[in-house]
Amino acid sequence: MEKTVQGYEKQLGVNYLGPFLFIKLLTPALLATAVDKSTWQNEFGVILVSSFAAEMYYEKRVCTDMENLEYYRPNSSIHRYGLSKVGAWA
């Protein structure tokens with residue numbers, strides 16, 4: 001199982017933690033744009049892209065086990081991928 005530099009499972013890092021951090025870091029710029037009178041109203045935002053895997057796992061009421069973010073209990077790669085996409089979708 002591949003891991004990020006920070007030690008998280010790679011798909012979780014790429015599909016969930018990475019976008020979360022990106023938006024967190026981008027928030028000051030988004031807020032500044034929101035109050036800037038020279039921009040059109042509501043003309044800013046972030047779009048996150050997910051996949052059908054998110055819907056597949058969401059409908060089964062599968063959710064991320066916060067106690068198993070490092071996958072001490074093994075899961076298949078498609079299962080890990082689906083869970084990482086649920087996080088980005090929810």
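For the sequence shown, the UniProt record's numbering assigns the number 1 to the initial residue and increments by one for each residue that follows.
Even glycine gets a Cβ: it sits at the ideal position worked out from N, Cα and C.
Just so we're clear, the structure is a prediction, and the values are computed from it rather than from any experiment.
CB-CB length for residue i against residue j, believed under 8 Å
i   : j   : result
Q11 : R80 : 5 Å
L30 : F44 : 6 Å
Burial state of residue i, where buried means 16 or more other Cβ atoms lie within 10 Å
i   : result
V86 : buried
L21 : exposed
S76 : exposed
S84 : buried
Where residue i falls: helix, strand or coil (DSSP)
i  : result
K3 : strand
Between the CA atoms of residue j and residue i - distance to the nearest angstrom
i   : j   : result
K3  : E9  : 4 Å
I78 : F52 : 12 Å
L17 : K37 : 32 Å
W40 : T33 : 9 Å
Identity of the residue in the options nearest residue i by Cα
i   : options            : result
E28 : V46, V14, S50, W40 : Checking the displayed sequence, the identity of residue 28 turns out to be Pro instead of Glu. P28 has its Cα closest to that of V46, out of V46, V14, S50, W40.
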